[in-house]
Amino acid sequence: MAAAGACLALLLSACTGNPDGIPTGSRPSLSTSAGPVPGTPQRLDLQLQIPWAAVFLPDGTAVISERDTTLLKAVRDGAARELGAVPGVAPGGEGGLLGLALSPNFATDRYLYVYFTSGQDNRIARLRLLAAGDGTLSLGQPEVIFTGIPKASTHNGGRIRFGPDGFLYVGTGDSQRREQPQDPEALGGKILRLTADGAPAPGNPFGNAVYSLGHRNVQGLAWDAEGRLWASEFGPDVNDEMNLIVPGGNYGWPAVTGAPHRPEFRDAKVVWPATSESSPSGLEIVGSTAYLGALRGQRMWTVPLAGEEAGSPVAYFTGEYGRIRDVVHAPDGGFWLLTNNENPDFVLVLPPQG
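All residue numbers in the sequence shown are consecutive under this note's numbering, ending with 410.
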């Protein structure tokens with residue numbers, strides 16, 4: 057882990073082995089060290105198949121999406137139960153049933169938002185989680201609220217989350233269409249900002265749904281204690297990123313990756329030089345620490361935050377549990393980590409910090 061942390065500070069502007077021929081850069085340096093991580097993980101075997109996202113309901117029930125089965129599953133008291141498949145999902149490659157977000161007004165509207173790949177595009181729907189008298193849940197019919205996000209076998213994005221402002225933020229991928237991320241009128245390679253009904257949020261910088269541009273494949277969204285938005289993003293074969301997101305910010309893809317210090321683009325705050333170390337997916341921020349799941353890197357990264365800067369990442373569980381797709385802050389103060397090893401997958405439950 058020490059070697060991995062040291063190599064994160066290397067200057068990458070002369071890096072070779074990049075078939076895209078993209079200028080690269082280095083991570084800003086801070087002396088801040090990562091904060092403590094919750095204790096020894098406990099494995100929760102739920103017979104999951106490629107779980108992609110999880111949210112917790114007010115009563116502590118977890119709802120998990122499975123990418124390829126298109127199922128939503130409810131987990132309570134250590135057991136999983138099928139809620140049902142989401143209609144209209146067309147899984148394939150990296151597409152399928154992806155991100156989940158719970159309505160800020162769930163206590164009254166009961167809405168669960170889902171991001172999924174259809175036969176035509178990636179889209180967002182909301183459906184009600186209906187509770188029976190005995191507390192069991194069932195799914196209402198989905199209402200599609202946003203369409204037209206481009207799809208492909210890879211780079212489908214998929215993370216959605218409600219922000220402190222009450223708007224829905226959406227991470228999309230470039231869907232292998234490299235002309236899209238720099239086009240403010242296109243939906244690919246963006247972070248979008250929507251109302252709860254799926255309309256462009258008022259005040260968006262381009263007068264449409266686009267909030268930031270120049271992204272390759274956004275995989276994680278989270279806010280720090282001061283309300284700043286951070287995002288994790290896949291690089292090509294180099295320069296996975298964690299970015300501080302600002303309205304209208306251009307993060308460079310496909311012209312640049314990492315932190316090349318070009319004034320027309322926003323530098324990443326953290327750069328992992330080799331995707332074998334990271335491929336950062338789900339992102340959570342608690343206190344002054346960011347927690348990221350890593351797919352190819354097969355570990356969980358923690359990153360200390362200090363205002364608008366990020367310190368040196370520290371890795372945990374390297375190679376112990378395989379690919380980690382999502383990191384979710386649990387109601388008890390601990391974390392759930394979703395694995396993606398397909399044989400079947402499981403949840404790692406990290407207890408609250410002492």
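Backbone N, C-alpha and C define an ideal beta-carbon position, used for all residues, glycine too.
As the structure is a prediction and not an experimental result, all values here were calculated from the model.
Nearest to Arg137 by alpha carbon, out of Asp124, Val226, Ile120, Gly144?
Taking only the C-alpha atoms, the option nearest Arg137 is Ile120.
Enumerated in chain order, which unbroken segments of the beta strand (DSSP E) with a length of 3 residues or greater are wholly contained in the stretch 251-300?
Taken in chain order, the unbroken stretches of beta strand (DSSP E) that lie wholly in the stretch 251-300 and span 3 residues or more are 266-269, 274-279, 285-289.
Where do the ends of the beta strand (DSSP E) carrying Ala163 lie?
Boundaries for Ala163: no beta strand (DSSP E) harbours it, while the alpha helix (DSSP H) harbouring it runs 162-165, taken from the DSSP string.
Name the DSSP bridge partner or partners of Val302?
Bridge partners of Val302: none, in fact.
Could you pull the start and end residues of the beta strand (DSSP E) that Asp221 belongs to?
According to the DSSP assignment, Asp221 belongs to no beta strand (DSSP E), since it is labelled neither H nor E.
Any idea what DSSP makes of Thr96, helix, strand or coil?
Residue state, collapsed to three classes: coil.
Reduced DSSP secondary structure (H/G/I, E/B, other) of Gly81
Low confidence applies here, because Gly81 scores a pLDDT of 41, under 50, leaving its location unreliable; read the following figure in that light. Coil.
Going by CA-CA distance only, name the one from Val200, Leu154, Pro160, Leu139 that's closest to Ala188.
With distances taken between Cα atoms, Ala188 lies closest to Leu139.
Assigned secondary structure, Ser121 (DSSP; H/G/I helix, E/B strand, else coil)
In the structure shown, Ser121 falls within a strand segment according to DSSP collapsed to helix, strand and coil.
Just the Cα atoms here: how many angstroms apart are Tyr225 and Arg249?
So the two alpha carbons sit approximately 5 Å from each other.
Straight-line Cα distance separating Ile247 from Pro237:
Linking Pro237 to Ile247 through their CA atoms gives a straight-line distance of about 10 Å.
Report the residue from Ala163, Glu333, Gln409, Pro310 whose alpha carbon sits nearest the alpha carbon of Phe112.
Measuring from the Cα of Phe112, the nearest candidate turns out to be Ala163.
Quick check on the burial criterion: 16 or more other C-beta atoms within 10 angstroms. Buried or exposed for Ser332?
With fewer than 16 Cβ atoms within 10 Å of its Cβ, Ser332 is classed as exposed.
Here's the rule: buried if 16 or more other CB atoms are within 10 angstroms of the residue's CB, otherwise exposed. What is Arg99?
So Arg99 counts as exposed.
Quick test of your reading: Leu156 and Ala110, contact by CB under 8 Å. State the CB separation rounded to the nearest angstrom.
At roughly 7 Å, the Cβ-Cβ gap stays under 8 Å, so Leu156 and Ala110 are in contact.
Span separating the alpha-carbon of Arg355 from that of Asp190
Near 39 Å, if we compare the C-alpha coordinates of Asp190 and Arg355.
Helix or strand or just coil, what does DSSP make of Thr228?
Looking at Thr228 - three-state DSSP - the assignment turns out to be coil, as it is neither helix nor strand.
If you draw a straight line from the C-alpha of Pro360 to the C-alpha of Gly349, how long is it?
Take the alpha-carbon of Pro360 and the one of Gly349: they are about 15 Å apart.
Alpha carbon to alpha carbon, how far is Pro258 from Ala346?
Going by the C-alpha atoms only, they are around 28 Å apart.
Scan the stretch 134-205 and note each continuous alpha helix (DSSP H) run of 4 residues or more that stays entirely inside, going in chain order.
The stretch 134-205 contains these whole alpha helix (DSSP H) runs: 162-165.
Presumed contact (8 Å Cβ cut-off) between Leu277 and Arg217, rounded CB distance:
Contact flag correct, Cβ pair sits at about 5 Å.
Rounded to whole angstroms, what's the CA-CA distance from Leu404 to Val384? Just pull it up for me.
For Leu404 and Val384, the distance between alpha carbons rounds to 10 Å.
Express the C-alpha separation of Asn397 and Gly375 in angstroms, rounding to a whole number.
In a straight line, the C-alpha of Gly375 is about 12 Å away from that of Asn397.
Going by the DSSP bridge assignment, what does Leu104 pair with across the sheet?
For Leu104, which the question treats as bridged, DSSP gives the partners Asp401.
Could you work out which residue in Val274, Asn299, Tyr167 is closest to Gly367 when comparing CA atoms only?
Relative to Gly367, the option among Val274, Asn299, Tyr167 whose CA is nearest is Asn299.
In whole angstroms, give me the CA-to-CA distance for Arg379 and Val266.
For Arg379 and Val266, the distance between alpha carbons rounds to 30 Å.
If I'm right that Trp328 touches Ser334 with Cβ under 8 Å, what's the distance once you round it to whole angstroms?
Sure, about 4 Å apart at Cβ, within 8 Å.
Among Val142, Leu185, Val342, Tyr377, which residue has its Cα nearest to the Cα of Trp413?
With the chain covering only 57 through 410, there is no way to say anything about residue 413.
Just the Cα atoms here: how many angstroms apart are Pro107 and Leu183?
Those two C-alpha atoms are separated by around 19 Å.
Expressed to the nearest angstrom, what Euclidean distance is found between the alpha-carbon atoms of Val294 and Gly263?
Gly263 has its alpha-carbon roughly 33 Å from the corresponding atom of Val294.
Is Pro75 helix, strand or coil when you go by DSSP?
No answer about Pro75 holds up, because its pLDDT of 33 lies below 50 and its placement is not dependable.
Would you call the CB atoms of His304 and Pro256 closer than 8 Å?
First, the residue type needs correcting, since residue 304 is Gly and not His in the sequence shown. Their beta carbons are not under 8 Å apart, which means Gly304 does not touch Pro256 by this criterion.
Please work out which residues of its chain come closer than 6 Å, Cβ to Cβ, to Ser159, disregarding the five sequence neighbours upstream and downstream, and give them in chain order.
Asp165, Tyr167, listed in sequence order.
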